[in-house]
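Report on one structure; see the data block that follows.
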């Protein structure tokens with residue numbers, strides 16, 4: 030996605046629509062050019078990419094499965110977990126500044142395809158509790 034790895038940043042900035050559009054282009058390429066049936070496509074997202082994968086799975090409900098690795102509940106949830114509890118005013122301020130492009134916890138509830146989760150309990154970037162919350166919201 031834009032700004033990550035070798036994909037250049039976008040001069041106009043980023044948007045949820047841009048991220049989804051790029052993901053849909055890849056999905057459509059696999060379906061149309063490689064000839065895969067939608068039911069054969071497994072959407073995979075790791076860490077920050079779990080937001081794009083969840084968004085794509087929500088937009089493409091006929092995909093075969095969703096596989097999330099070290100997923101987070103939301104960008105705002107990660108911000109809240111990174112600061113001590115006594116910083117609640119700072120957390121609220123940061124939540125106002127940071128756009129919550131990916132709210133996996135809300136979207137995951139409406140995804141009906143088989144969904145698999147993988148997350149290490151010692152993950153120091155995205156707490157394991159995020160995946161537990163995502164799993165609990167699916168059942």
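Residue numbers (my numbering): 30 to 168.
Every residue, glycine too, gets a C-beta built ideally from N, C-alpha and C.
Simplified DSSP state of residue i, which is helix, strand or coil
{"i": "residue 97", "result": "strand"}
{"i": "residue 64", "result": "coil"}
{"i": "residue 152", "result": "coil"}
{"i": "residue 73", "result": "strand"}
{"i": "residue 157", "result": "helix"}
Where residue i falls, given that 16 or more other Cβ within 10 Å makes a residue buried
{"i": "residue 167", "result": "exposed"}
{"i": "residue 63", "result": "exposed"}
{"i": "residue 58", "result": "exposed"}
{"i": "residue 103", "result": "buried"}
{"i": "residue 165", "result": "exposed"}
{"i": "residue 44", "result": "exposed"}
Bounding residues of the beta strand (DSSP E) (the contiguous stretch that carries residue i)
{"i": "residue 107", "result": "Unbroken run through residue 107 is the alpha helix (DSSP H), 104-111; no beta strand (DSSP E)."}
{"i": "residue 146", "result": "144-147"}
Start and end residues, alpha helix (DSSP H) containing residue i
{"i": "residue 79", "result": "78-88"}
{"i": "residue 140", "result": "Unbroken run through residue 140: none, as it is neither H nor E."}
Under 8 Å: do the region 147-164 and the region 102-111 share three or more Cβ pairs, one atom per stretch?
yes
Validate contact between the region 145-152 and the region 53-68 using beta carbons, cut 8 Å, 3 pairs:
no
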